[in-house]
Amino acid sequence: MKKFNFRKVLDGLTASSPGGSSGSGSGGGSGAAGGSTHPGGTAGAAGTPRDEIQETLTSDYFQICKTVRHGFPYLPTALAFDPVQKILAIGTRTGAIRILGRPGVDCYCQHESGAAVLQLQFLINEGALVSASADDTLHLWNLRQKRPAILHSLKFNRERITYCHLPFQSKWLYVGTERGNTHIVNIESFILSGYVIMWNKAIELSTKTHPGPVVHLSDSPRDEGKLLIGYENGTIVFWDLRSKRADLRAYYDEAIHSVAWHHEGKQFMCSHSDGSLTLWNLKSPNRPFQTTIPHGKIQRDGKKTESCKPILKVEYKTCKNSEPFVIFSGGLSYDKACRRPSLTIMHGKAITVLEMDHPIVDFLTLCETPYPNEFQEPYAVVVLLEKDLIVVDLTQTNFPIFENPYPIDIHESPVTCTEYFADCPPDLIPVLYSVGAKHKKQGYSNKEWPVSGGAWNLGAQTYPEIIITGHADGSVKFWDASAITLQMLYKLKTSKVFEKQKSGEGKATADIVEEDPFAVQMMYWCPESRIFCVAGVSAYVVVYKFSRHEVNTEIASLEVRLQYEVEDIITPEPEIIPPFPDASSQLPSLKNLSGSTNTVACEGMMKDSIPCLSVKTRPVRMPPGYQADLVIQLVWVDGEPPQQITSLAVNSAYGLVAFGNCNGLAVVDFMQKTVLLSMGTLDLYGSNDPYQRQPRSPRKSKQFAAGLTELSDSPVSLELERCKSPTSDHVNGHCTSPTSQSCSSGKRLSSADVTKANRRGPGRPPFRKAQSAACMEISLPVTTEENRENSFSRSRSSSVSSIDRDSKEAITALYFMESFARKNDSAVSPCLWVGTGLGMVLILSLNLPASDELRQTEPVMVSPSGTVLTLKGAVLTFACLDCMGTLTHPPYEVWRDPNSADDSEKTRKRKLVMHSPSSSQDMGDHQFAVICSEKQAKVFSLPSQTCLYVHNITETSFLLRADVVTLCNSVCLACFCANGHIMTLSLPSLRPLLDVNYLPVTDMRIARTFCFTNEGQALYLSSPTEIQRLTYSQEMCDNLQDMLGDLFTPVETPEAQNRGFLKGLFGGSGQAFDREELFGEATAGKASRSLAQHIPGSGGIEGVRGAAGGVIGDLTRARIALDERGQKLGELDERTASMMASAEAFSKHAHEVMLKYKDKKWYQF
33 MKKFNFRKVL
43 DGLTASSPGG
53 SSGSGSGGGS
63 GAAGGSTHPG
73 GTAGAAGTPR
83 DEIQETLTSD
93 YFQICKTVRH
103 GFPYLPTALA
113 FDPVQKILAI
123 GTRTGAIRIL
133 GRPGVDCYCQ
143 HESGAAVLQL
153 QFLINEGALV
163 SASADDTLHL
173 WNLRQKRPAI
183 LHSLKFNRER
193 ITYCHLPFQS
203 KWLYVGTERG
213 NTHIVNIESF
223 ILSGYVIMWN
233 KAIELSTKTH
243 PGPVVHLSDS
253 PRDEGKLLIG
263 YENGTIVFWD
273 LRSKRADLRA
283 YYDEAIHSVA
293 WHHEGKQFMC
303 SHSDGSLTLW
313 NLKSPNRPFQ
323 TTIPHGKIQR
333 DGKKTESCKP
343 ILKVEYKTCK
353 NSEPFVIFSG
363 GLSYDKACRR
373 PSLTIMHGKA
383 ITVLEMDHPI
393 VDFLTLCETP
403 YPNEFQEPYA
413 VVVLLEKDLI
423 VVDLTQTNFP
433 IFENPYPIDI
443 HESPVTCTEY
453 FADCPPDLIP
463 VLYSVGAKHK
473 KQGYSNKEWP
483 VSGGAWNLGA
493 QTYPEIIITG
503 HADGSVKFWD
513 ASAITLQMLY
523 KLKTSKVFEK
533 QKSGEGKATA
543 DIVEEDPFAV
553 QMMYWCPESR
563 IFCVAGVSAY
573 VVVYKFSRHE
583 VNTEIASLEV
593 RLQYEVEDII
603 TPEPEIIPPF
613 PDASSQLPSL
623 KNLSGSTNTV
633 ACEGMMKDSI
643 PCLSVKTRPV
653 RMPPGYQADL
663 VIQLVWVDGE
673 PPQQITSLAV
683 NSAYGLVAFG
693 NCNGLAVVDF
703 MQKTVLLSMG
713 TLDLYGSNDP
723 YQRQPRSPRK
733 SKQFAAGLTE
743 LSDSPVSLEL
753 ERCKSPTSDH
763 VNGHCTSPTS
773 QSCSSGKRLS
783 SADVTKANRR
793 GPGRPPFRKA
803 QSAACMEISL
813 PVTTEENREN
823 SFSRSRSSSV
833 SSIDRDSKEA
843 ITALYFMESF
853 ARKNDSAVSP
863 CLWVGTGLGM
873 VLILSLNLPA
883 SDELRQTEPV
893 MVSPSGTVLT
903 LKGAVLTFAC
913 LDCMGTLTHP
923 PYEVWRDPNS
933 ADDSEKTRKR
943 KLVMHSPSSS
953 QDMGDHQFAV
963 ICSEKQAKVF
973 SLPSQTCLYV
983 HNITETSFLL
993 RADVVTLCNS
1003 VCLACFCANG
1013 HIMTLSLPSL
1023 RPLLDVNYLP
1033 VTDMRIARTF
1043 CFTNEGQALY
1053 LSSPTEIQRL
1063 TYSQEMCDNL
1073 QDMLGDLFTP
1083 VETPEAQNRG
1093 FLKGLFGGSG
1103 QAFDREELFG
1113 EATAGKASRS
1123 LAQHIPGSGG
1133 IEGVRGAAGG
1143 VIGDLTRARI
1153 ALDERGQKLG
1163 ELDERTASMM
1173 ASAEAFSKHA
1183 HEVMLKYKDK
1193 KWYQF
């Protein structure tokens, strides 16, 4: 454990040159605020033992690994269910597989190739899964480990896979191809059999045309030695595997989409491209004995039924005590173009059409038995939609759906921002759940969720975790994320404080965004005081208080003007302020991106002092939960719309909320409902402004933009002037660091230039507090298919000329804290730390009334302290450490119910907690301020304002997110960089502890939603529908195996029903079918080596250190194989013994009968 002495550090800083250093500690000063400027800052106090801070964190405490993925699988393509294990698998277009069981059992695995999953097949009750990918590869996944891994792969070289079928309790997989051939794969060795059913052998020789790809394969329920092959053009072949010839062939005019057997194996049903269902009998294959178009209308001539949309899939399931179920997707009439996708359930004469909200990808009927030759007894239908998963209860006549226990509605409205809180107060989760449970929907099935496989336990991790997601429709969801699960607790609709917008009123209401005007842009939550604050895309802030009681009240609202009156910036002279370290301090200038300024005549009067939305003026009923206390809206100023909010902070102890944008800063007292400060960024400096700025140049005419600014995710070739500031870099020729650009630095478009469709294309979201300004000009690739969802397109007004852009200084970080505001302060006082897009840090003093009684009446004074600190790049985050190096939390008010019926609750004094309980002793005579910008981190000693440590985090990129977090009873700075690196730095010495190239920021969604929290956890939105959680804690990586659920649990395979003597005699083939003998190498020979290539899989446990691999993995697999073989041999022994006992009993009875009738004459019988 290393000790750091500040005296030695300061000596080192004084001795070294003032040039910047990429290291920390004594590696060098920071120039502008380096330790060399104030050599005596803490030197006097450095000799005391308290100055020697023991840092307990080392690099051994850190390791990155993914923990769990929540949400709906993005772009699903395939579905499979194991009826014995009762687990569900979903494949996606991105090559991912999600395996779901009981709540808590949720596993994500990924094909390395990223190829789309075509089909999934469980080895029923074997703990294995076969996946077929679009790159014509078959994979065998081992599910008997918590993190499934591929055991074998088989890559087809000359043919494309179209359909796979694995019979129950068989080890031979049938694989149909685009050429119309059928191959057979041994599941155990994953090697092709020499047995092939060629398309030209299957069809009649007289047929001149190719039958098309194989679209269906299934063995007869009656005889495993017969295989039904369906070809796309309507040809059906019933193939005898033993004699290697077609038993029968059937032809239909319309293309086949799917085939389903009756359990007796005498009939099968086909679905076709004209919306028809045909029922075939094996005895008369010349034509179907029944043809129906379920949704077709009989035309006027009365003869022909009109054709409908294709029936993509049909399932034919029998019941012992009722009519069979015929369930299919598609097949609707063409004349109703607006009809939603539907699933049709035909049960006897009743036809039920279930309309879906999204297109149907696939569906499966869940049955009581895994055996295909028994009455199926269906009890539910799993329907996989493009953006949802539903399960329909077939046992009730109204077909209700089951309540889904998985968090698959994260994307109900696109996620726009996230916050993550680990180790929060334990009473919050039950309290939020109790207010959220009252909004539960009714009408669900009363039965248990049928996907109930796997096993899950809580594990060792017990602290409560909450994730908050903000959405495009203004809703906010609180989720219980404890023990790597996710369950929704409570939903808050922030749009309810505003009047509903009537269609066509968009321009009249002075909107600055075209769609989703209530989108949540930023959130701030204080778990201890339960104060919650939301900043919306339409430049408003809503403060919420938590109450357990319903209330009917008016919503208080305030309007704030934020104006910016300065244009040009003159480079500061060296004698005014020390320069930035290691670079010139000239600010980046940006060319007008549109090439020309659009001047548009304003319709009617100039907009001034108008907010973007209208707050409800009538009393509003607020249910228990979060209730709006105050709405603060920014207003139009001289015809220019309010700029979006870029930073937000709330403090319950002070009763203040602060927010800023690229124009300036506002501070509001939400207790007295008054605006305390509304000031342009320049005015905050007073006489301490580090830049000389010229007054605003008069313009000949005001300029307004009718169009809306759009920042596109896709790389665009815009000419940007080379940025000379050390706070900017270039990637792919574009300015990637957004420092000092205004929040309207996107391309300006007039309404004449752009169609509505173009404006809704992939766009740039407003940035959260981890960004340098409201807008960033980042060139990040994004796939077109993800479109609006992936990038949360937000428009913003481009009302500022290109000259204005250069001078805008956004407020990018805010932090309320008990701190030393000035150098000569002897005690801490309430302060507001303000960080800007130019790397400036200002401290505002807050003068609060002395007593609780005066707080409601006496005004709060906010005044600049004159303190200015500097960093490279836009400021992202602040934190405060006490003199022992312990994180000091901002003060807060202990929660009390504002609407309590108990008078004593209302009248009792506010209970304030002024600083962290961990430092119960006096805070001491100094503290450390930790400030991190998008380029570097600095630690200052207060009140001396000496820069003790500086660490230049990145030169070639910039940080997207930085948070000061606790881990193992210590504290560190966690950073996420735009180049994909995750880094942690020790505090206060800023030693690098971890630097891992985790993932490249391929789109804005990751940049917008990445956040760190305590105990080594983090998350981001990995797709528009999924949250990926990860850990950077070595301890959690080590314990992860215990926390994950088991996918496979030992379950007895149900016994097959006794078919009876006569049924066995006359109901099918009496001859046992030995696939091994038929398909094995001895009989069928070897397949051509060039046809498919076998690739052995890793089989290890993915992402877990010390996973079994190599010889150990092989031994494990061999042991599992031996166990299974022993199990099967044991079953065989039992069956043999049972047969012998039966034979002995039969022999005994026969002997007794013979003795009884031996001496009798024929007439005595």
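In our numbering, the protein residues as written are 33 to 1197.
Glycine included, C-beta positions come from ideal geometry on N, C-alpha and C.
Predicted model, so just to flag it, every value in this text is computed and none were measured.
Contact set for residue i: own chain, Cβ-Cβ below 7 Å, skip 5 residues either direction
| i | result |
| --- | --- |
| Thr-986 | Lys-967 and Cys-1009 |
| Asp-929 | Ser-579, Arg-580, His-581 and Glu-937 |
| Leu-490 | Ala-515 |
Residues that DSSP places opposite residue i in a beta bridge
| i | result |
| --- | --- |
| Gln-151 | Ala-164 |
| Pro-108 | Thr-124 |
| Arg-653 | Asn-584 |
| Phe-910 | Ile-963 |
| Gln-553 | Paired residue(s): none; Gln-553 is not in a bridge. |
Euclidean distance between Cα positions of residue i and residue j
| i | j | result |
| --- | --- | --- |
| Pro-1082 | Lys-118 | 12 Å |
| Arg-125 | Ile-440 | 17 Å |
| Leu-750 | Gly-696 | Caution is warranted here: a pLDDT of 29 is assigned to Leu-750, below 50, making its placement in the model unreliable, and no coordinate value can be reported. |
| Leu-913 | Ser-877 | 19 Å |
| Lys-1190 | Glu-1176 | 21 Å |
| Asp-138 | Ala-166 | 24 Å |
| Glu-1047 | Ile-1127 | 40 Å |
| Glu-27 | Thr-649 | The chain is shown only over 33 to 1197; residue 27 falls outside these bounds and no answer can be derived. |
| Leu-622 | Gly-871 | Any reading at Leu-622 must be qualified, since the residue scores a pLDDT of 31, below 50, and its modelled position is unreliable; no value is offered. |
| Tyr-206 | Ile-288 | 19 Å |
| Tyr-4 | Gln-322 | Beyond the ends of the chain as shown, which are 33 and 1197, falls residue 4; an answer cannot be given. |
| Tyr-438 | Tyr-1030 | 27 Å |
| Pro-496 | Pro-462 | 11 Å |
| Cys-1069 | Val-447 | 28 Å |
| Gly-24 | Ser-305 | Residue 24 lies beyond the residue range present for the chain, which begins at 33 and ends at 1197; the question has no answer from this structure. |
| Ala-1173 | Asp-1165 | 12 Å |
Own chain partners of residue i with C-beta closer than 8 Å, once the 5 adjacent residues on each side are dropped
| i | result |
| --- | --- |
| Pro-243 | Gly-212, Trp-231, Ala-234, Ile-235, Tyr-263, Glu-264, Asn-265 and Thr-267 |
| Pro-402 | Pro-115, Val-116, Ile-156, Asn-157, Phe-200, Thr-1085 and Pro-1086 |
| Pro-559 | Phe-453, Cys-456, Pro-457, Leu-460 and Ile-498 |
| Ser-1122 | Asn-189 and Arg-190 |
| Ser-589 | Val-647, Leu-662, Val-663, Ile-664 and Gln-665 |
| Ala-147 | Gly-127, Ser-165, Ala-166, Asp-167 and Thr-169 |
Chain-order list of residues whose beta-carbon lies under 6 Å from that of residue i (same chain, five-residue window excluded)
| i | result |
| --- | --- |
| Leu-280 | Phe-270 and Pro-317 |
| Pro-975 | Phe-852, Lys-855 and Asp-857 |
| Met-12 | No statement about residue 12 is possible, as the shown extent of the chain runs from 33 to 1197 and does not include it. |
| Pro-108 | Ile-122, Thr-124, Val-393 and Leu-416 |
| Lys-345 | Ser-290 and Ser-361 |
| Lys-329 | Glu-338 |
| Met-654 | Val-583 |
Option in the options with minimal Cα separation from residue i
| i | options | result |
| --- | --- | --- |
| Glu-210 | Phe-222, Tyr-195 and Ala-690 | Tyr-195 |
| Phe-990 | Asn-1001, Ser-1002 and Met-1015 | Met-1015 |
| His-295 | Pro-373, Pro-356 and Gly-1129 | Pro-356 |
| Tyr-717 | Ile-677, Val-652, Val-575 and Gly-867 | Gly-867 |
| Cys-1043 | Tyr-1064, Asp-1027 and Asn-1029 | Tyr-1064 |
| Phe-431 | Val-414, His-443, Glu-418 and Glu-444 | Val-414 |
| Arg-1061 | Ile-1038, Met-554, Lys-1118 and Pro-135 | Ile-1038 |
| Glu-418 | Lys-473, Met-1075 and Ser-374 | Ser-374 |
| Ser-1120 | Ile-223, Ser-250 and Ala-994 | Ile-223 |
Item to check | Entirely enclosed beta strand (DSSP E) segments - the region 464–506, minimum 3 residues | outcome: The region 464–506 contains these whole beta strand (DSSP E) runs: 497–503.
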